[in-house]
Every structure is written in C-alpha cells, then in structure tokens.
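Asks: This is the structure I want to talk about, given as structure tokens.
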Amino acid sequence: MNDKEYIMDILESEKNLSVNMTFALNEASCDKLYKSYLKMFENINKKVKEIFDLSYKLGFYKLEKEEVKKIKSTIKTLTQELSSSSDESTK
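Here the sequence shown is numbered in the working numbering, starting from 87 and rising by one per residue.
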C-alpha cells in the first residue's frame, strides 16, 4: 500500500468509528456513560478532521471552484425534494 491508501484507510476507519459512536451515544444507559462516550466521540471527530486536513494538504483530495449558478440550482432542487418529502410524511 502507498501513503494515500494508508491515510484513506485510516480516515475511513475513523469515520466509521464516528458513525458507530452516535449509536452508542443514543443508547447510553446512564449519564456517566453518555458523558464518557461523548468525550470519545469528540476526540474521534477531531482526529477525523486532522486526518482529512492532512490528506487535503498532501493532495489526496481536490476541491474545485463551482459556478454560483450551479450551486443555486442544486440548492433549489434539494429544497424542492425536501419539501415534497415533508409533504408526503404529513399525509
């Protein structure tokens, strides 16, 4: 494996830990356990951000400038989809 594969694998693992920690938080049986899980969750998310920043710095993620027109069009589409989804759930 090369450096990019290692970092991307670590990033994916950390993201999965973060997702699974949300389940643990929701199902914590007492406040003390919840607070312990919350501290772990915050640390995991901090590491995810650090790993992402490193991978971006190393050029493993590329960001492209997008046209304002396309962004507005996408927002409009997603807003319409959300609105129609909300309408269907109230029926």
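Yeah, the Cβ is synthetic: ideal placement off N, Cα and C, and Gly gets one too.
This structure is a prediction, so every number in the text was calculated from the model and none was measured.
1. Please report the straight-line C-alpha distance between N129 and E100, rounded to a whole angstrom.
2. For Y120, which residues in the same chain have their Cβ closer than 6 Å to its Cβ, ignoring the five residues on either side in sequence?
3. May I have the straight-line CA-CA distance separating K118 from M107, to the nearest angstrom?
4. For E98, report the span of its alpha helix (DSSP H) as first-last.
5. Which residues bound the alpha helix (DSSP H) around L119?
Replies: Reading off the structure:
1. Taking the first residue of the sequence shown as position 1, residue 129 is located at position 43. Taking the first residue of the sequence shown as position 1, residue 100 is located at position 14. Going by the C-alpha atoms only, they are around 10 Å apart.
2. Taking the sequence shown and counting its residues from 1, the one referred to as residue 120 is at position 34. Cβ within range, chain order: A114.
3. Counted from its first residue, the sequence shown places residue 118 at position 32. Counted from its first residue, the sequence shown places residue 107 at position 21. If I take the Cα positions, the gap works out to 15 Å.
4. Position 12 of the sequence shown holds residue 98. E98 -> alpha helix (DSSP H) spans 89-112.
5. Mapped onto the sequence shown, residue 119 falls at position 33. Looking at the DSSP string, the run of the alpha helix (DSSP H) that includes L119 is 117-143.
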